[in-house]
Amino acid sequence: MDFTSHDIAVIEQALQLAIRSQSSAAKAQPFQEVLGKLQMSANAAMNSASIHKVSMHDGIRFDYDDSSDVL
Numbered sequence: 021m022d023f024t025s026h027d028i029a030v031i032e033q034a035l036q037l038a039i040r041s042q043s044s045a046a047k048a049q050p051f052q053e054v055l056g057k058l059q060m061s062a063n064a065a066m067n068s069a070s071i072h073k074v075s076m077h078d079g080i081r082f083d084y085d086d087s088s089d090v091l
């Protein structure tokens, strides 16, 4: 399932609200774990996308055709 950056922000806000609304740290722990995983995954996805974007636009690429030798 693909999430947009807006989707991730909404999920983060919901998890933070759930953490704050818990009466004890033990009850908040599962929400904190999921929030940490979500943030790590989102950061990894953003870093991967930026690396891919840079590698695709790092300069001019030429496709040399060897068929010119046939002429």
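So the sequence shown is residues 21 to 91, counted in our numbering. Note that the Cβ used here is the ideal one computed from N, Cα and C, for glycine as well.
Hey, could you find the ends of the alpha helix (DSSP H) residue i is sitting in?
i     : result
Ser41 : 25-41
Taking residue i as the reference, which of the options has the closest Cα?
i     : options                    : result
Val30 : Gln59, Ser41, Glu53        : Gln59
Gln52 : Phe23, Gln36, Met21, Ser43 : Gln36
Leu55 : Ala65, Ile28, Ser41, Ala64 : Ile28
Let me see if you follow: with CB-CB separation under 8 Å, is residue i close to chain B or not?
i     : result
Val30 : This model lacks chain B altogether; it includes just one protein chain.
Would DSSP call residue i helix, strand or coil?
i     : result
Met66 : helix
Ser61 : helix
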